[in-house]
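In this text, residue positions in the sequence shown follow full-length UniProt numbering: the first is 1, and each later residue adds one.
Glycine is no exception: its CB is placed at the ideal position from the N, C-alpha and C atoms.
To keep things clear, I will list the structure first and then write my remarks on it.
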Amino acid sequence: MDKLVERDEEEKTFVKVYGECAASGSRIIAISGSLASGKTALLRSFAQGGADAGATVLEATASSFERDHPLGVIDQMLRGRRLSSPGAEREIRALFEGVDEAAPRVDESGNLGQISLSTLNLLHTAFQHLASGQPLVVCVDDAHFTDIESLHYLLALMRRMGSAPIVFVLSFCPGMGRNSVQRVVQAEMLRMPNCVHMPLKPLSVTGVATILGEVIGIERAGRLAAYCRDISGGKPLLVHAFAEDCTVADDVPEPGGEPARHGSPVPGPVFGHAVLSCLYRSEPVVLELAQAIAVLGACGSPAVVARFCDMAPESVRQVVASAGLEGLLDCDFVGRPSVRKAVMSSIPPDERRAMHAHAAHLLRDEGAPALAMAEHLMLVEERIPWANKVLREAADQALVNGNREAAIGHLRKAHHACAGGREQADISAKLADIMRHHNPGAVKRYLPDLVAAIGNGHLDGQQSVQVITDLLWHGEVDQAAKVLALMRDRASSQATEHTHSCGDQLRLWLPLTYPGIAPVAGHGGADPVDVMAPARAPEHRAAAALGAVLRGTPAVDPVRTAETILQEAGAGVASPAASVASLVALIYSDRLDQASVWCDSLLACANDRQGLVWKAMYTSARAAVSYRLGDLAKAERQAREALALMPAESWGTALVVPLAFLVHSLTAMGRYKDAESYLKFPVPGAALETLGGLHYLSARGHFSLAAGRYEAALRDFLACGDRMRTWDVDCPAAVPWRTDAAQAYVCSGLVPQARELIAEQLALLPAGPSRTRGMTYRVQAATLDLAERRPVLLRAASVFESCGDSLGLAYALTDLSHACMALGDCGQAQLKARRARVLAEECCAAPLQGSLAAVRDDGAPAQGMGERRRSAPHLSRAELRVAELAASGSTNEQISRKLFITVSTVEQHLTRVYRKLAIRRRTELSSRLPELVR
1 MDKLVERDEE EKTFVKVYGE CAASGSRIIA ISGSLASGKT ALLRSFAQGG ADAGATVLEA
61 TASSFERDHP LGVIDQMLRG RRLSSPGAER EIRALFEGVD EAAPRVDESG NLGQISLSTL
121 NLLHTAFQHL ASGQPLVVCV DDAHFTDIES LHYLLALMRR MGSAPIVFVL SFCPGMGRNS
181 VQRVVQAEML RMPNCVHMPL KPLSVTGVAT ILGEVIGIER AGRLAAYCRD ISGGKPLLVH
241 AFAEDCTVAD DVPEPGGEPA RHGSPVPGPV FGHAVLSCLY RSEPVVLELA QAIAVLGACG
301 SPAVVARFCD MAPESVRQVV ASAGLEGLLD CDFVGRPSVR KAVMSSIPPD ERRAMHAHAA
361 HLLRDEGAPA LAMAEHLMLV EERIPWANKV LREAADQALV NGNREAAIGH LRKAHHACAG
421 GREQADISAK LADIMRHHNP GAVKRYLPDL VAAIGNGHLD GQQSVQVITD LLWHGEVDQA
481 AKVLALMRDR ASSQATEHTH SCGDQLRLWL PLTYPGIAPV AGHGGADPVD VMAPARAPEH
541 RAAAALGAVL RGTPAVDPVR TAETILQEAG AGVASPAASV ASLVALIYSD RLDQASVWCD
601 SLLACANDRQ GLVWKAMYTS ARAAVSYRLG DLAKAERQAR EALALMPAES WGTALVVPLA
661 FLVHSLTAMG RYKDAESYLK FPVPGAALET LGGLHYLSAR GHFSLAAGRY EAALRDFLAC
721 GDRMRTWDVD CPAAVPWRTD AAQAYVCSGL VPQARELIAE QLALLPAGPS RTRGMTYRVQ
781 AATLDLAERR PVLLRAASVF ESCGDSLGLA YALTDLSHAC MALGDCGQAQ LKARRARVLA
841 EECCAAPLQG SLAAVRDDGA PAQGMGERRR SAPHLSRAEL RVAELAASGS TNEQISRKLF
901 ITVSTVEQHL TRVYRKLAIR RRTELSSRLP ELVR
């Protein structure tokens, strides 16, 4: 048997007492201690020690369930034992079968009456026989539950057998069991001169570390010992359970457990069940109180527990403070997740639900907070008339505390209990309001009920506006149009200040977010200049600022307004929606540096209360800024981060925004397969009728352009244009569709059409440098004769540089390098190519790096076109340029764009090159043009 920790003195005492009994007569050892203090383990150790020394050992364990069975403990000891003769065994058996006659006369207070001398003599003979050949060790565990009859006869035997070699060992919990038993033990047994009292002390931190060390190692045990001593109270049973939990906890809390303290593991299920086993071995009232405390949780004060159990408060306090329990019924201890879970598992499900209903009623009478009552109402199936009001109050309190999931749970419970009508509509609206900022996909299930509630007049104007927003977010355009029409009709017949405000809100926001449906909301409303006044709400000013950028309203300063709103957002005044609109206004105004700073600031301050949706939107805006600044790798990473924040169903129609800038970035980096895979990602059809849909069409068009599908690209670019003109948001800085379409026309060889769009675009651009102006100059250069291109490309490069667009500058310099090379100015070509190459590398623009391969810059003297032609004397200047690019890995489409010729012309040049060099395939070019291979 394993050695017991910190029980050396007790073990020595037993050895001494055992040795004395043979020479000096019987001895008594009384082991006392609280539940789980190690009494049973020590008693078993004594029993084993006696058996090892050759003693006869009689053992019995008393139980609260058997204490009404007279002589039950003595029956346990003697059952199956060989006595002096078969006749004696029959007499003993007859004694236990007719036990009622042998029972002493004891009153309800436990006072000893007259016992049966014949029974006592019979037991004396049996014990004397068992102790005749060798010492006898009699062990009674949990003696506080001993039936009163067995206890009285054992006391009588202790007195009568003073000279016999017997050691009586009894373990008991002070304060537990019937008062009559405790009184007999305290007043009779402990006062006997041959009795040794062994009160067990809790284990020290060192003792705890010793037990833990045997299971989890010395180092880890030293780290956890103090924590374990604190929560276990030094009770060996609980320390061993803690150690077993540690074997799987790995110094971290179990899922759903309480937080670790100083890296310590939270007690787990083994610990909880060890506590429960202690409760089972105590008085029934102890388990009843433990269950009440577990059910009531933090509200389980002695007074409330007393009312819950229909007991006197003083009685509850006495049980809780019992020396035998020593903290096992403290609210904090029972409230530990592992302990509470174990105690709750001891209650049958139906009874548990009834207890929670009882707790809810009781706490309501006590005036407890709504959150405390709601904890129980959530677990009750019966309908309680006042429950919904409490659940809604609890949801509000949970939101104030930042516990969104609890609020949703309370509202769902209330929603389920509603019979319909205005109350259910209000709850649905509240649920949608909470979810739309964190999990918009979950809002969708409530939309049919909310639309019906609007039709029945159960929602106010602001709630109806939110429902329209949710419908449009999820692409339910037809439903949104019906609700809009209904609201418009009601507003005309029931005009109030509130309906007017809601109408203004819709008229301001819809043209900017869902322009296709905006006309249904009606026209008119406040003047944009008035709306942008500082006194107006930030949301109204933000919408007006974005509208001013998109429509080019000259009477307002949208940039200044946007930055003011973003400052207000930092102070918690402006909403996230106003912040996003202000960011977009800055981006469309080509204020990319400011937009970048504000995006980073908003992301740094984004918290759970604002909602996951807004963090995703800020991240999408940051990806747009990074793309426009030419940082393709960062744009890709940020677009992916945005998409990872929410599932596709939560993105709704806004999904096209991060997808657009991810496709833009991947295309510009030459990762066409990746870009194509994201274009195959299903998006809501209604998404293309939003402002974000314009960016998606643009991204898809640029991918088609890179893939050589010019007609498809042109369709997407022109579709952007049709929408932007129809919606009156034809802002070149938002989506430069004319410039994009002109580029597609150039690649298709339709230069006149390209020139027409470029002239139109330049006429629309505001004065001063802008990213769109730089892009337009670059495409314009492709429509000009070679001699006219250089000054236009220089202007484009200058504009890109002033705007901070590294990628645009790299493209302009690359085009300029090719133009210089074509004009024979190799020095300038190499100079421009050198800088373009650095920029292309920084931007991760692989296609651009490939197009620069034809312009060598390896530190050696530049090889002119004439020298290269002498290496391939049969090739014309144009054929050599095409061959060089093809050898470097450029596709026909890429070559056509780099040299500003059609794909058909590229194919004709390559056909002649193959014939002149006597090769059959493209891969042979590098071997026949060795001077181009690095």
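Taking residue i as part of the alpha helix (DSSP H), name the residues at either end of that continuous run.
| i | result |
| --- | --- |
| valine 649 | Here residue 649 is glutamate; the residue named in the question, valine, does not match the sequence. Segment 648-651, the alpha helix (DSSP H) holding glutamate 649. |
| cysteine 21 | 8-24 |
| serine 118 | 117-130 |
| valine 559 | 558-570 |
| threonine 776 | 771-782 |
| methionine 192 | It is not in any alpha helix (DSSP H) - methionine 192 carries neither H nor E in the DSSP assignment. |
| arginine 789 | 786-803 |
| residue 942 | Since the first residue of the chain shown is 1 and the last is 934, residue 942 is not available in this structure. |
| arginine 67 | Where arginine 67 is concerned, there is no enclosing alpha helix (DSSP H), given that its DSSP letter is neither H nor E. |
| isoleucine 454 | 447-455 |
| glutamate 219 | 218-232 |
| phenylalanine 681 | Element bounds for phenylalanine 681: n/a, residue is neither H nor E. |
| asparagine 403 | Here asparagine 403 belongs to no alpha helix (DSSP H), and DSSP marks it neither H nor E. |
| aspartate 365 | 349-366 |
| aspartate 825 | Unbroken run through aspartate 825: none, as it is neither H nor E. |
| valine 657 | 656-668 |
| alanine 846 | 846-851 |
| aspartate 370 | For clarity, residue 370 is alanine in the given sequence; the question names aspartate instead. 370-377 is the span of the alpha helix (DSSP H), which, as asked, contains alanine 370. |
| tyrosine 280 | 269-280 |
Residues in the same chain with beta-carbon distance under 6 Å from residue i, minus the five sequence neighbours each way, listed in chain order, please.
| i | result |
| --- | --- |
| glycine 177 | His144, Phe145 |
| glycine 525 | Only weak support is given to the placement of glycine 525: the predicted model assigns it a pLDDT of 42, under 50, and the question is left unresolved by the model. |
| alanine 292 | Val305, Phe308, Cys309 |
| histidine 262 | Annotation note: pLDDT 44 at histidine 262 (below 50); position unreliable, coordinate value reported separately. None. |
| glycine 516 | Glu689 |
| residue 952 | Look at the range of the chain in this structure, 1 to 934, and you will see that residue 952 is not part of it. |
| glycine 207 | Val5, Glu6 |
So if DSSP puts residue i in a beta bridge, which residue, or which two residues, is it bridged to?
| i | result |
| --- | --- |
| alanine 30 | Leu170, His197 |
| threonine 247 | Answer is none; threonine 247 lacks a bridge partner. |
| valine 57 | Val137 |
Tell me which residues share the same chain as residue i and place their Cβ nearer than 7 Å to its Cβ, disregarding the 5 neighbours each side in the sequence.
| i | result |
| --- | --- |
| alanine 846 | Met669, Gly670 |
| glycine 272 | Ser338, Val339, Lys341, Ala342 |
| alanine 853 | Ser888 |
| lysine 16 | none |
| arginine 778 | Leu793, Ala796, Tyr811, Ala812, Asp815 |
| aspartate 674 | Leu666 |
| alanine 303 | Pro313 |
| alanine 518 | Leu510, Pro511 |
Can you give me the Cβ contacts of residue i inside the same chain, cut-off strictly under 8 Å, excluding the 5 residues immediately before and after it?
| i | result |
| --- | --- |
| serine 748 | Tyr710, Glu711, Leu714, Thr902 |
| leucine 212 | Arg220, Ala221, Leu224, Ala225, Cys228, Val239, Phe242, Ala243, Cys246 |
| cysteine 731 | Val549, Leu550, Arg551, Gly552, Tyr588, Met724 |
| glutamine 318 | none |
Measuring only from the beta carbon, is residue i closer than 7 Å to any heavy atom that is part of the ligand GDP?
| i | result |
| --- | --- |
| alanine 853 | This structure lacks the ligand GDP; in fact it carries no ligand of any kind. |
Chain C beta carbons: is any one of them nearer than 8 Å to that of residue i?
| i | result |
| --- | --- |
| glycine 402 | The structure shown contains no chain C; it is built from a single protein chain. |
Enumerate, from N- to C-terminal direction, the unbroken alpha helix (DSSP H) stretches of 4 or more residues contained entirely within the segment 136-171. List check, alpha helix (DSSP H) in window: 148-160.
Please confirm if the segment 652-661 is in contact with the segment 819-832, defined as three or more CB-CB distances below 8 Å between the two stretches. Under the three-pair Cβ rule at 8 Å, the segment 652-661 does not count as touching the segment 819-832.
Count the C-beta pairs between the segment 76-87 and the segment 39-55 that are closer than 8 Å, then say yes if the count reaches three, no if not. The answer is no - the segment 39-55 does not touch the segment 76-87, with fewer than three Cβ pairs under 8 Å.
Please go through the segment 704-755 and give each complete alpha helix (DSSP H) segment of 4 or more residues, from N-terminal end onward. Fully enclosed alpha helix (DSSP H) runs of 4 or longer: 710-726, 737-747.
For a minimum of 4 consecutive residues, which ranges assigned as the alpha helix (DSSP H) are wholly contained in the segment 601-650? Within the segment 601-650, the complete alpha helix (DSSP H) runs of at least 4 residues are 612-628, 632-645.
Just checking, does the segment 206-218 make contact with the segment 21-35 on the three C-beta pairs under 8 Å criterion? In the pairwise beta carbon analysis, the segment 206-218 is classified as not touching the segment 21-35: fewer than three pairs are separated by under 8 Å.
Three or more beta-carbon pairs under 8 Å between the segment 38-47 and the segment 161-172, yes or no? Touching, per the Cβ criterion.
4-residue-minimum alpha helix (DSSP H) runs that sit fully inside the segment 885-914, ordered along the chain: Taking only runs of at least 4 residues, the alpha helix (DSSP H) segments lying wholly in the segment 885-914 are 892-899.
At a cut of 8 Å, does the segment 620-638 reach the segment 806-819 through at least three beta carbon pairs? Yes, since at least three Cβ pairs between the segment 620-638 and the segment 806-819 fall closer than 8 Å, the two stretches touch.
Segment contact, 8 Å Cβ cut-off, at least three pairs: the segment 912-919 with the segment 756-772: The segment 756-772 and the segment 912-919 do not touch, with fewer than three beta-carbon pairs separated by less than 8 Å.
Counting Cβ pairs closer than 8 Å, one from the segment 388-403 and one from the segment 363-373, do we hit at least three? For the pair of segments examined, the segment 388-403 was found to touch the segment 363-373: the number of CB pairs separated by less than 8 Å reaches three.
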